[in-house]
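Each residue of the sequence shown is one higher than the last, beginning at 1 in our numbering.
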Amino acid sequence: MYRPPRFDMPQLELCWELMEQASFATLVSSAPEQSPTLLASHVPLYLQRDLGERGTLFGHLATPNPHCAILEAGEALAIFSGPHAYVSPRFYQREDLVPTWNYVAVHAYGTPRILRDPGDKRHVLRELSARHEPEEGWSPDRLPPGQLDSKLRGVVAFVLPIERLEGKAKLSQDKADADFTGASEALAASDETARATAAWMRRLRGA
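This is the structure:
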């Protein structure tokens, strides 16, 4: 990912936080010897921070998804897109500036491995549900055993140890204080996504 120094977000904790906030990721895999050579799937992933130097991702794909056939073919990329917003020149004090887009994103690279053991697959389904359900919420364990086994056959669970992590926060760091303040205040008064973008702006400006 193109990351000018002023927009680089190298802090591991910030990358992890964004990945957990925006856990519905885009998983991209390449297999040059096959056709198509590039496949992307939109998939919920969960991060286990304490497994590996940079953490480890877990998820699953539908068994009929052709992505499964190339999942272990080599390095894959998981793209996490955080808050983003259009920034109008109207927000600035200066009159010679142009529109831009503020955003936060993380790219996680690693070589996926399919989890073939039914117990491992069950754990991934259970953990994904637990991270999005309220306490004492729904769990795959509530399904009758036969139905759960059928559901497990319908998915391919995988693990992706993170080998490389790139974080980018393009949040008006290159703007003067007055223009930065104008942009952050305008976004803070806008819709939910823009407000989340403004929160990241203010947070990193003070870092």
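All C-beta atoms, glycine included, are put in the ideal place defined by N, C-alpha and C.
Asked	Found
Buried/exposed call for P140, threshold 16 Cβ in 10 Å	buried
CB of D120 within 8 Å of CB of A69, strictly	no
Start-to-end residues for the alpha helix (DSSP H) that takes in T193	192-205
CB-CB length for E57 against A108, believed under 8 Å	Per the sequence presented here, residue 57 reads as Leu, with Glu not at that position. At roughly 6 Å, the Cβ-Cβ gap stays under 8 Å, so L57 and A108 are in contact.
Check: V106 C-beta below 7 Å from any heavy atom of the ligand ZN	As far as ligands go, the structure on display features none, and thus does not contain the ligand ZN.
Unbroken stretches of the beta strand (DSSP E), 3 residues or longer, contained in the region 115-190	155-161, 164-170
Beta-carbon separation (whole angstroms), Q21 vs G74, contact threshold 8 Å	28 Å between Cβ atoms; not a contact.
DSSP-derived helix/strand/coil call for P10	coil
Limits of the unbroken beta strand (DSSP E) element including A76	76-87
Buried versus exposed call for T37 [16 or more other C-beta atoms within 10 Å across all chains shown]	exposed
Coarse secondary structure for Q21, derived from DSSP in three states	helix
Pair within 8 Å by beta-carbon distance, V87 and L115	no
Host alpha helix (DSSP H) of A69 (start-end)	67-70
Assigned secondary structure, R113 (DSSP; H/G/I helix, E/B strand, else coil)	strand
Reduced DSSP category for P5 - H, G, I as helix; E, B as strand; rest coil	helix
Spatially closest choice to V124 from P134, V104, L148, A105, by CA coordinates	L148
Neighbourhood of D191 by C-beta, 7 Å cutoff - its chain only, sequence neighbours within 5 removed	none
Anticipated Cβ contact below 8 Å, L71 with G167, distance rounded	24 Å between Cβ atoms; not a contact.
Per DSSP, cross-strand counterpart(s) of L27	S41, A78
Residue burial classification, H132 (beta-carbon count within 10 angstroms, cutoff 16)	exposed
Length of the line joining the Cα atoms of R90 and D177	15 Å
Range covered by the beta strand (DSSP E) that runs through Q34	Where Q34 is concerned, there is no enclosing beta strand (DSSP E), given that its DSSP letter is neither H nor E.
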